[in-house]
Amino acid sequence: MAWDLFDRLTGHDDAPRCRYDMSTGRAEFVAAPTLSHESRAAAAGDLFSQIGFALADAGSNIEVMASRATRLLSSDGAFEPDEGLFIGASKIDAAERIDGRLDVRRGHPVPDLVVEIDRSTDSSGKLAPYFRMGVREAWTWSRRSGTAIWIATRDAPVGFRRVTASVVLPGVTQAALQRLLGARSGADRRYHLRRLATAVATEMVAPSDSGATAMEGGT
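Going by the working numbering, the residue at position 130 of the sequence shown is 1575; the numbering climbs one at a time, nothing skipped.
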C-alpha cells in the first residue's frame, strides 16, 4: 500500500488503530481490543496519572502526561502505542500544541515511554522503530511472555535491551509491573497503583528536583 493511500485511509479520528512499515509498504490494522487488552492498557495509563498526582502531592515540579493511542510518524512509518508517557513541562507543552499525529520528521516530540499490550512473543522486533524515533523506554505485556521492560541503549545491536527495572520511572520493577497488570480485582489494582505511584514519586524527588532536568530530557 502506498503511503499517501494509507494516510488518506487513516488520517481521521475514527480510523482504527494501525501501523505502517515504510520500507515494505505493509499496513497492519489492529483488531478491536479485547477487555483484557483494554483493562491492562488502562492500568498503565492510570499508573501514569497516579504518578502525576503523587509528584504534585510531594511538592515536585516534575510534570507528566499520559497519552492514549497517540499516532507517531517517523521515517520507519506510522505507529500507535496503547499508552504513552511524556515527562517535562516543555515536552508536554510542545505535544499539546500539535493537533493530530506527532511526526518525528518535523521535529515533533515523542513519548519518553510507550506501552504495548497483547503483542506476540516476537513483539521486541516491533519496538525498534520507537527507539529509533527517540522513545527511551517501552513496556510490553502478552499472555505468553508476561511483562517486560525495554530501554534504549547503544550497547545492543538492535538499539535496545530488556531490563528488570524502569529507568524512566525509577521505582517500577518488572515484578511490580507484572503484579499491577495481572491484578484480578479492582481493589488489588488500586492497591498496586498506589504503591507504585508512591514509590516512583519518592524515587524521582529524593535527590531533589535539581535532577528533574535529566529525567525530563532523557540525557
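All residues carry an ideal CB built from backbone N, CA and C; glycine is no exception.
_Asp1557 (DSSP reduced to helix, strand or coil)_ = coil
Given 8 Å, three or more beta-carbon pairs between the segment 1491 to 1503 and the segment 1533 to 1552: no
With DSSP as the reference, identify every bridge partner of Ile1562, one or two as the case may be. Trp1586
Cβ contact (3+ pairs, closer than 8 Å) linking the segment 1623 to 1637 and the segment 1596 to 1614
no
| task | Determine, using beta carbons only, whether Ala1646 and Ala1511 come nearer to each other than 8 Å. | result | no
What did DSSP end up calling Val1650 once you bin it into helix, strand or coil? DSSP places Val1650 in the helix class (H, G or I) of the three-state scheme.
Worksheet item: What residue from Thr1643, Met1649, Leu1638, Ala1651 has the CA that sits closest to Arg1485's CA?
Response: Leu1638
Let me check one thing: in DSSP terms, what residues is Asp1548 bridge-paired to? Asp1548 is bridged by DSSP to Leu1518.
beta-carbon Ala1514 near the ligand COA non-hydrogen atom, thresh 7 Å
Absent from the structure shown: the ligand COA. Ligands present: none.
Please list the terminal residues of the continuous alpha helix (DSSP H) segment that includes Arg1624. 1619 to 1626
**Message:** Our contact map puts Arg1434 next to Gly1490 with C-beta atoms below 8 Å; I'd like the distance itself, whole angstroms only.
**Reply:** For residue 1434 there is no data in the structure shown, the boundaries of the chain being 1446 and 1664.
**Asked** Secondary structure at Glu1528, three-state DSSP: helix, strand or coil?
**Response** strand
Expected contact under 8 Å - CB spacing of Ile1596 and Gln1619 to nearest Å: The pair is not a contact, with the Cβ atoms about 12 Å apart (cut-off 8 Å).
What does DSSP give as the partner residue(s) for Met1510 in the beta ladder? In the DSSP assignment, the residues bridged to Met1510 are Phe1531.
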